[in-house]
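Residue numbers for the sequence shown follow this note's numbering, beginning at 1 and rising by one. Glycine included, every Cβ here is placed at the ideal spot set by N, Cα and C.
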Amino acid sequence: MSNALFADSPAKGLVCRNCNATYDLVAQHACWQCFGPLEVDYDLDELAKVTRERIEAGPQNIWRYAPLLPVGVHLEDRVSLNPGLTPLIDAVHLAKALGMRKLWVKDDSANPTHSFKDRVVSTAVSAAVKLGFERLACASTGNLANSVAAHAARAGLPSIVFIPSDLEPGKVVQSAIYGGTLVAVEGSYDDVNRLCSELTETDDFEKTAFVNVNIRPYYAEGSKTLGYEVAEQLGWRLPEQVVVPMASGELLTKIHKAFEEAAEIGLTEPGKVRVFGAQSAGCSPIADAFSAGTDVITPVKPTGIAKSLNIGDPAAGPYAIEACRSTGGGMAKVSDDEIRDGVKLLAATTGVFAETAGGVVVATLRKLLEAGQLDPDAETVIYNTGEGLKTLDAVSSLVGPTHTVKPSLKAAKEAGFLQS
Numbered sequence: 001m002s003n004a005l006f007a008d009s010p011a012k013g014l015v016c017r018n019c020n021a022t023y024d025l026v027a028q029h030a031c032w033q034c035f036g037p038l039e040v041d042y043d044l045d046e047l048a049k050v051t052r053e054r055i056e057a058g059p060q061n062i063w064r065y066a067p068l069l070p071v072g073v074h075l076e077d078r079v080s081l082n083p084g085l086t087p088l089i090d091a092v093h094l095a096k097a098l099g100m101r102k103l104w105v106k107d108d109s110a111n112p113t114h115s116f117k118d119r120v121v122s123t124a125v126s127a128a129v130k131l132g133f134e135r136l137a138c139a140s141t142g143n144l145a146n147s148v149a150a151h152a153a154r155a156g157l158p159s160i161v162f163i164p165s166d167l168e169p170g171k172v173v174q175s176a177i178y179g180g181t182l183v184a185v186e187g188s189y190d191d192v193n194r195l196c197s198e199l200t201e202t203d204d205f206e207k208t209a210f211v212n213v214n215i216r217p218y219y220a221e222g223s224k225t226l227g228y229e230v231a232e233q234l235g236w237r238l239p240e241q242v243v244v245p246m247a248s249g250e251l252l253t254k255i256h257k258a259f260e261e262a263a264e265i266g267l268t269e270p271g272k273v274r275v276f277g278a279q280s281a282g283c284s285p286i287a288d289a290f291s292a293g294t295d296v297i298t299p300v301k302p303t304g305i306a307k308s309l310n311i312g313d314p315a316a317g318p319y320a321i322e323a324c325r326s327t328g329g330g331m332a333k334v335s336d337d338e339i340r341d342g343v344k345l346l347a348a349t350t351g352v353f354a355e356t357a358g359g360v361v362v363a364t365l366r367k368l369l370e371a372g373q374l375d376p377d378a379e380t381v382i383y384n385t386g387e388g389l390k391t392l393d394a395v396s397s398l399v400g401p402t403h404t405v406k407p408s409l410k411a412a413k414e415a416g417f418l419q420s
């Protein structure tokens, strides 16, 4: 397989993030020379030909950005649930509560399987089919499993997704309902990922695309659409600051990459977006390394309620740290109680019910503001990456009926809520 399969793509190959070794557009995620991670390398001259008008004339989903992605230039090459163009909410009341001038919430819970993972899976599966794979798979903390199983059903392909056995029930049900094989592994996400990496080397899985392992470079590029989309929804402007949840750290790095590319090829005016990363204190290896002034990640055993962010050995951690430092941004970690408060505050001020990762972002935003690290007067975008109905257990003990009454006017009046 060679670059001929991607003849109309602006991608010219894969490149190592560490040593800059180059490879063809094949199913490979690690450099043979230094074992560093590979990412898609683009022909900037081709990207520069992409205009705002061309994008705006495209479909109402992520594929309007196909000329900026490694796959999907042609409609017939796309395997997709058509995610994207999710709401960018003017969070007036949340901004007021936090003492901010201008705050937006990019709400990716509005995607087909209710998380941002539909973006990355669409690009990954489109590449997998192009590369001749016959089955889809992944290692997942939940949202990715949901999306891979759904995309496999749409594409008419078998799927086998691997999850930690202690995953939230809502995510287990959503993964299973699509009819693929669902394997619960007795261990952490890092154990699951290690198993999947070993399976990719076996004959039984030769024709299986593990979207976040052997075709990871194509998968990761889907996250860039969260950067392009925000810029477009702001009227082709870059925000001044963003706060992004971190698990592997890849989402943050790709949003940062999209902002840089948009400015470089003329879609927006030149500018630098300050990038901030958010982690749960139960799994904060990236934020801890940042605070320690190093880019060396010390793996941890994840705990805490933000299970979708529980990657104890994050592959893109050093690159997330680099993105934050190079832009004058920062990172912070927050406790389970702060996360719950963040979920409740976001819901009460915007009408957005976020999963725990969204609570991490709101709590981190508040902590960074209180510490003086984040400018309250700068236009800021925060990212909600998933739907709160997937993580009900985290907040179900904190909320419920405020009153219970008998079905009579007298009882309603006596309860006192009519005057509240």
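With distance defined between alpha-carbon atoms, name the residue in the options nearest to residue i.
i    : options                   : result
D395 : D336, S408 and N384       : Checking the displayed sequence, the identity of residue 395 turns out to be Val instead of Asp. Out of D336, S408 and N384, D336 has the C-alpha closest to the C-alpha of V395.
L82  : V192, N310, T123 and F205 : Looking at the sequence shown, residue 82 is not Leu but Asn. Of the listed residues, the one whose Cα sits closest to N82 is T123.
G351 : L69, E322, E387 and P401  : E387
Y218 : F417, D107, V405 and A27  : A27
E134 : A149, D288, P158 and E201 : P158
A110 : P87, Q419 and V92         : P87
S284 : E269, V360 and A262       : V360
S291 : G317, V40 and G271        : G317
A348 : M100, F116, G249 and V399 : V399
T200 : G99, L136, Q419 and T298  : L136
For residue i, count neighbouring C-beta atoms within 10 Å of its own C-beta (all shown protein chains included) and say buried if the count is 16 or more, exposed if not.
i    : result
A371 : exposed
R64  : buried
S9   : buried
S408 : exposed
P302 : buried
D204 : exposed
P37  : buried
W104 : buried
Q279 : buried
M1   : Unreliable placement is indicated for M1, whose pLDDT of 42 sits below 50; no coordinate value is reported for it.
Hey, how far is the Cα of residue i from the Cα of residue j?
i    : j    : result
F35  : K96  : 47 angstroms
V343 : V211 : 29 angstroms
R52  : A258 : 14 angstroms
V79  : A155 : 6 angstroms
K168 : Q174 : Inspection of the sequence shows that residue 168 is occupied by Glu rather than by Lys. About 10 angstroms.
K207 : A128 : 10 angstroms
T22  : V121 : 24 angstroms
Q60  : L85  : 6 angstroms
A57  : V73  : 14 angstroms
R54  : A66  : 10 angstroms
N193 : V15  : 23 angstroms
A139 : H403 : 43 angstroms
N20  : Y228 : 25 angstroms
D377 : V125 : 41 angstroms
G142 : Q419 : 43 angstroms
G249 : L195 : 21 angstroms
Apart from the five residues on each side of it in sequence, which residues of its chain come closer than 6 angstroms, Cβ to Cβ, to residue i?
i    : result
R119 : I62, P83, G222 and T225
T356 : I305, A306, I339, T391 and A394
A354 : V343, L346, N384 and G388
K102 : E379
T113 : N146, S147 and A150
Mind checking who residue i pairs with in its DSSP beta bridge?
i    : result
F210 : A137
E387 : A354
P169 : DSSP output for P169 lists no bridge partner at all.
L88  : K106
G330 : F276
L182 : V161
T22  : V15
Closer than 8 angstroms by C-beta to residue i: which residues in its own chain qualify, once you throw out the five before and the five after it? Chain order, please.
i    : result
K410 : none
G368 : At residue 368 the sequence reads Leu, which differs from the Gly that was named. If we look at L368 and ignore the five residues flanking it on each side, its Cβ neighbours are V243, F276, G330, A332 and L374.
V273 : L238, P239, E240, Q241, V242, H256, F259 and T327
K130 : L5, F6, V71 and D77
Can you list, in chain order, the residues of its chain whose CB lies under 7 angstroms from that of residue i, leaving out five sequence neighbours each side?
i    : result
R216 : H29
G187 : P164
L252 : V244, M246, V275, G277, A320 and A323
D439 : This structure cannot speak to residue 439, because the chain is shown only from 1 to 420.
L47  : P10, L68, E261 and I265
V300 : C283, P285 and G312
D90  : W104
For the ligand NAP, any of its heavy atoms closer than 8 angstroms to the Cβ of residue i?
i    : result
I177 : Judged by which ligands are present, the structure shown has none, so any question about the ligand NAP falls away.
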